[in-house]
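In full-length UniProt numbering, the protein residues as written are 1 to 275.
All C-beta atoms in this analysis are idealised placements derived from N, C-alpha and C, irrespective of residue type, glycine included.
Note that the coordinates shown come from a computational prediction; the quantities given were computed from them, not determined experimentally.
In what follows, a structure is listed as structure tokens, so that the remarks can point back to it.
Here's what the structure looks like:
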């Protein structure tokens with residue numbers, strides 16, 4: 001068949017740049033009518049720019065923003081309710097698949113007791129980077145009105161281990177390494193199922209896996225039943241063969257015994273005639 005091959009750096013770079021402010025809202029159930037979604041979205045959120053809302057299928061709707069701030073505000077909400085239906089919000093990527101959720105989530109990362117002189121974007125993003133991709137500081141951290149803690153929104157990969165601490169230190173030519181362990185607290189990390197590739201539940205609570213297990217157990221029981229049935233049939237066949245053998249042996253003995261009695265009678269008759 002004919003093929004069109006793009007360079008990966010273009011496919012994921014320049015070409016994807018056209019959709020850098022696009023979000024996918026995925027409804028957990030069949031979505032409401034698009035007119036309802038558009039009307040309630042505009043009522044619910046006051047945007048500085050505009051947004052185009054288009055249907056992809058019965059569960060997925062695309063939001064295409066013209067303003068970066070609007071895009072970030074809605075994106076960081078992660079879960080929104082529209083027309084009584086809950087939907088997950090995720091940034092669109094070239095790898096978008098309508099039946100799968102990306103294992104990427106935006107969460108708040110807390111840095112309790114972070115030294116006050118590090119309550120800036122330049123330093124906080126370096127400290128939080130082991131936990132995920134830093135996106136933005138909260139207002140209290142920006143304005144330095146909460147000295148006890150810094151907060152950063154980070155993008156995390158749910159398929160990777162989540163780091164809960166990082167070593168922060170300093171050293172110089174004439175000063176030895178000195179530092180401390182900085183605690184990282186991630187808020188409301190969503191569950192992700194590697195089997196279904198869906199957000200909202202883990203492998204432990206996966207209904208699809210439970211259904212597969214039930215089917216496997218049913219098959220095993222059927223196999224055991226068939227095996228037991230086959231074994232029983234084999235035992236019945238062996239029993240019949242033994243009975244047939246015993247019957248044959250008994251019949252042969254009776255035939256032999258009858259022959260012996262006949263020979264004895266004939267012998268006695270000859271002896272009597274000779275007298």
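DSSP beta-bridge partners of residue i
i           : result
residue 58  : None, per the DSSP bridge assignment.
residue 14  : DSSP output for residue 14 lists no bridge partner at all.
residue 185 : 110
residue 74  : For residue 74, which the question treats as bridged, DSSP gives no partner whatsoever.
residue 105 : 156
residue 51  : 65
residue 85  : 82
residue 199 : 192
residue 217 : According to DSSP, which records beta bridges pairwise, residue 217 is partnered with nothing at all.
residue 91  : 23
residue 174 : Answer by DSSP bridge pairing: none, since residue 174 is not bridged.
CA nearest to the CA of residue i, picked from the options
i           : options            : result
residue 185 : 102, 164, 55       : 164
residue 100 : 1, 195, 214, 205   : 195
residue 192 : 217, 237, 104      : 104
residue 128 : 178, 112, 140      : 112
residue 301 : 80, 180, 66        : Look at the range of the chain in this structure, 1 to 275, and you will see that residue 301 is not part of it.
residue 152 : 174, 238, 134, 146 : 134
residue 20  : 56, 137, 239, 65   : 65
residue 169 : 180, 73, 187       : 180
residue 49  : 55, 43, 57, 68     : 68
residue 126 : 167, 1, 207, 241   : 167
residue 116 : 174, 171, 106, 144 : 144
residue 110 : 97, 136, 22, 98    : 136
residue 130 : 200, 78, 155       : 155
residue 146 : 172, 114, 160, 198 : 114
residue 158 : 1, 51, 132         : 132
residue 182 : 200, 149, 56, 71   : 149
residue 76  : 188, 172, 220, 211 : 188
residue 70  : 46, 124, 53, 16    : 46
residue 102 : 51, 197, 44        : 197
residue 139 : 17, 73, 211, 238   : 73
residue 52  : 43, 22, 178        : 22
residue 107 : 78, 202, 11        : 78
residue 87  : 218, 124, 199      : 199
Where the beta strand (DSSP E) through residue i begins and ends
i           : result
residue 165 : 165-170
residue 81  : 79-82
Can you give, in chain order, each stretch of the alpha helix (DSSP H) that sits fully within the region 119-158 and has at least 4 residues?
121-128, 139-142
Would the region 109-128 count as touching the region 84-96 if we require 3 or more Cβ pairs under 8 Å?
Segments in contact, no.
Does the pairing of the region 5-13 with the region 29-43 give three or more beta-carbon distances under 8 Å?
Flag = no, the region 5-13 and the region 29-43 do not touch.
Below 8 Å, can you find three or more Cβ-Cβ pairs linking the region 71-85 to the region 39-50?
yes
Looking at C-beta atoms only, is the number of pairs between the region 19-27 and the region 54-67 that lie closer than 8 Å three or more?
yes
If we require 4 or more residues per run, which alpha helix (DSSP H) segments fall completely within the region 14-44?
34-44
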